[in-house]
Amino acid sequence: MKPIHLSLLALLAGTTIGLAQKRNVTFEHRFDDSLKQTPDSIERQEKWFRDAKFGAFIHFGVYSTLEGEYQGGGNGFRYSEWIMVSAGMSVAEYHEVAKGFNPAEFDADEWAKTFKDAGIRYVVITSKHHDGFALFDSMVSDYNIVDYTPFKRDIIKELSEACHKQGLKFGVYYSHAQDWDEPDAPYLNNRTKRNVLHPDLPADFEPDFDRYLAKKSLPQVEELVKNYELDLIWFDTPVDMTFERAKQFADVVRKYRPDCLINSRIIHSGKDKINGENLSLFDYVSIGDKEVPTKKLPLYVESPDSVSTSFGYKTKGNHHYHTNKEMIQRFVNTVCAGGNALINNGPMGNGKLDPKAVEIYEAMGKWLKANGESIYATRRNPLASRPEWGDISASKDGKSLYLHILEWPESGSLSLGGLPAQASSATFLANGEKAEISQEGANLKLTLPDQPVDEYDTVVKLTFTEAIEDK
1 MKPIHLSLLA LLAGTTIGLA QKRNVTFEHR FDDSLKQTPD SIERQEKWFR DAKFGAFIHF
61 GVYSTLEGEY QGGGNGFRYS EWIMVSAGMS VAEYHEVAKG FNPAEFDADE WAKTFKDAGI
121 RYVVITSKHH DGFALFDSMV SDYNIVDYTP FKRDIIKELS EACHKQGLKF GVYYSHAQDW
181 DEPDAPYLNN RTKRNVLHPD LPADFEPDFD RYLAKKSLPQ VEELVKNYEL DLIWFDTPVD
241 MTFERAKQFA DVVRKYRPDC LINSRIIHSG KDKINGENLS LFDYVSIGDK EVPTKKLPLY
301 VESPDSVSTS FGYKTKGNHH YHTNKEMIQR FVNTVCAGGN ALINNGPMGN GKLDPKAVEI
361 YEAMGKWLKA NGESIYATRR NPLASRPEWG DISASKDGKS LYLHILEWPE SGSLSLGGLP
421 AQASSATFLA NGEKAEISQE GANLKLTLPD QPVDEYDTVV KLTFTEAIED K
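Numbering (full-length UniProt numbering), first residue to last: 1 to 471.
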């Protein structure tokens with residue numbers, strides 16, 4: 001590994017830590033209770049998004065072939081899709097890797113069927129990540145999978161058609177501000193660009209962000225919304241994005257696809273305090289990477305989670321997968337707080353889905369077949385707080401509560417307080433058997449069997465004769 005690679009990795013780590021310290025507002029203070037979703041956004045959400053709950057995120061591109069390491073470098077960084085900067089690759093070096101990108105075993109129909117069978121309701125794939133390489137046939141730049149690689153097929157087109165054929169909603173991720181292939185796009189600092197990514201730039205080069213937006217980023221987003229059937233567009237890392245710049249992107253999406261959902265990272269990073277003045281630009285909030293909400297929030301959210309510590313496929317260096325139990329329980333907590341879980345997998349460089357990711361998705365799908373009633377088309381926990389033994393979701397009409405028992409009480413029973421209505425029955429979703437309950441006023445006691453009915457999350461459906469309102 002070149003010495004400059006080490007210095008860049010140190011710079012990357014230091015800058016990342018600095019940004020985290022600067023931007024990481026505590027979860028409780030990121031959302032002002034006075035924030036209100038715009039009526040247009042609520043209308044778009046309610047067409048399908050609020051009921052869907054479960055999405056598949058896909059990070060796939062040139063970086064997938066490197067699996068988190070290049071010439072011995074970059075493997076210490078958790079995200080393999082950042083290999084271009086974590087390993088200190090120049091644009092020329094990365095282009096050579098891109099020229100050989102050939103995911104010959106990619107099968108859009110197989111991917112879509114896998115997602116459908118897992119209970120997934122929508123799919124979002126990286127159409128262009130920070131490396132600047134596009135997975136679609138772009139007329140704006142020939143640095144794309146059709147023009148630049150031996151594969152010569154439009155993955156976004158094929159997967160969009162396959163997902164819609166399976167009844168899945170389809171969206172794309174697009175890195176609108178960061179683009180390491182473009183010296184005009186913002187990234188860390190100009191010294192890093194000159195010395196590592198773009199070593200041939202003249203010493204007096206002055207980057208022009210608006211020139212990059214006009215030349216590549218905005219035209220490619222226009223291509224995507226004009227030429228592909230998109231239900232959602234997922235922007236990311238809005239470095240230097242002002243309201244005026246972000247509005248250009250929102251306007252072009254609304255012009256061609258008025259019902260297409262836009263996420264908050266068009267202008268907010270996942271860890272920033274939400275600025276109410278920007279609510280007209282997006283439809284829902286993307287919280288931090290792999291962040292599970294800890295409380296009910298005034299705006300509808302989506303957690304960009306992943307089956308593993310990386311988003312791109314990674315086999316080199318430090319990396320681990322969640323267990324089935326961890327993934328299901330993270331999913332449940334997100335839904336019960338009032339949000340969707342967009343759970344990522346990183347396909348392999350040959351175009352096949354990661355077998356370990358498929359295994360986790362299959363476990364989630366099996367759990368959902370028995371317990372999906374407690375997830376799909378539900379609403380957040382209407383009670384004042386989350387119980388210590390797990391979490392709660394509610395039916396749309398408010399007449400059913402779903403108790404998600406994530407920690408099995410040793411006492412053989414659990415208690416639930418703060419109920420404003422009398423429960424009439426309790427049923428285990430996994431086997432349909434009745435559960436024994438007793439209730440005095442607002443306090444309910446549920447008698448449990450010796451062992452959990454479900455190994456990951458035992459769900460009990462409580463039925464009420466009147467609706468329970470969200471507090």
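Just so you know, even glycine gets a beta-carbon here, dropped at the ideal spot from N, CA and C.
Bear in mind the structure is a predicted one, so any value in this text is a computation, not a measurement.
N- and C-terminal bounds of the beta strand (DSSP E) containing residue i
i: residue 472; result: The chain is shown from 1 up to 471; residue 472 falls before or after that span and cannot be answered.
i: Ala394; result: 390-394
i: Gly171; result: 169-174
Euclidean distance between Cα positions of residue i and residue j
i: Ser175; j: Asp236; result: 5 Å
i: His404; j: Val460; result: 7 Å
i: Arg44; j: Cys260; result: 8 Å
i: Asp457; j: Met327; result: 11 Å
i: Ile392; j: Arg380; result: 7 Å
i: Ser308; j: Gly441; result: 44 Å
i: Gly339; j: Phe151; result: 37 Å
i: Phe464; j: Asp251; result: 45 Å
i: Arg23; j: Lys314; result: Legend: pLDDT at Arg23 = 41, less than 50; position of this residue unreliable, value from coordinates given subsequently. Computed Cα separation, rounded: 27 Å.
i: Thr334; j: Met84; result: 32 Å
i: Lys295; j: Glu388; result: 13 Å
i: Arg158; j: Gly88; result: The question names Arg, but residue 158 is Glu in the sequence shown. Cα to Cα, the separation comes out at about 33 Å.
i: Glu277; j: His268; result: 11 Å
i: Leu6; j: Gly73; result: For Leu6, the predicted model reports a pLDDT of 37, less than 50, meaning its position is unreliable; a value from the coordinates is still stated below. Going from the Cα of Leu6 to the Cα of Gly73 covers about 8 Å.
i: Asp208; j: Lys325; result: 47 Å
i: Tyr70; j: Tyr256; result: 40 Å
i: Asp240; j: Pro409; result: 49 Å
i: Ser310; j: Ser438; result: 46 Å
i: Glu466; j: Leu448; result: 25 Å
i: Val172; j: Leu444; result: 45 Å
i: residue 472; j: Val124; result: The chain is shown from 1 up to 471; residue 472 falls before or after that span and cannot be answered.
i: Tyr94; j: Lys193; result: 14 Å
i: Gly119; j: Tyr321; result: 20 Å
i: Gln21; j: Asp289; result: Legend: pLDDT at Gln21 = 33, less than 50; position of this residue unreliable, no value from coordinates given.
i: Glu67; j: Thr427; result: 46 Å
i: Glu105; j: Ser217; result: 29 Å
i: Asn201; j: Ala185; result: First, the amino acid is wrong: residue 201 is Leu here, not Asn. Those two C-alpha atoms are separated by around 14 Å.
i: Thr323; j: Ile360; result: 8 Å
Span of the alpha helix (DSSP H), counted from its first residue to its last, around residue i
i: Thr114; result: 108-117
i: Gln329; result: 324-337
i: Asp208; result: Run containing Asp208: none; DSSP gives neither H nor E here.
i: Tyr361; result: 355-371
i: Ile145; result: 145-148
i: Ile42; result: 39-44
Where residue i falls: helix, strand or coil (DSSP)
i: Glu277; result: helix
i: Phe428; result: strand
i: Trp408; result: coil
i: Asp457; result: coil
i: Lys216; result: helix
i: Gln439; result: strand
i: Phe27; result: helix
i: Val292; result: coil
i: Glu302; result: strand
i: Leu342; result: strand
i: Ser34; result: coil
i: Ser400; result: strand
i: Phe151; result: coil
i: Leu414; result: strand
i: Arg50; result: helix
i: Leu197; result: helix
i: Ser374; result: helix
i: Ile125; result: strand
i: Val285; result: strand
i: Phe133; result: coil
i: Ala185; result: coil
i: Gln21; result: At Gln21 the pLDDT is 33, less than 50, meaning the model places this residue with poor confidence; the figure from the coordinates comes in the next sentence. DSSP places Gln21 in helix when its eight states are reduced to three.
i: Tyr321; result: strand
i: Phe311; result: coil
i: Thr465; result: coil
CB-CB length for residue i against residue j, believed under 8 Å
i: Lys471; j: Leu383; result: 7 Å
i: Asn263; j: Ala56; result: Contact flag wrong, Cβ pair sits at about 15 Å.
i: Ala112; j: Gln166; result: 5 Å
i: Lys116; j: Leu168; result: 6 Å
i: Glu302; j: Leu342; result: 5 Å
i: Val291; j: Gly270; result: Strictly speaking, residue 291 in this sequence is Glu, with Val absent from that position. About 7 Å; that satisfies the 8 Å criterion.
i: Trp180; j: Asp131; result: 6 Å
i: Leu197; j: Gln37; result: Not a contact, Cβ separation roughly 39 Å.
i: Ala435; j: Asp454; result: The Cβ separation is near 13 Å, so there is no contact.
Threshold first: 3 residues or longer. Then list the beta strand (DSSP E) segments lying entirely within the stretch 53-109, N to C.
54-58
Entirely enclosed alpha helix (DSSP H) segments - the stretch 221-283, minimum 4 residues
243-256
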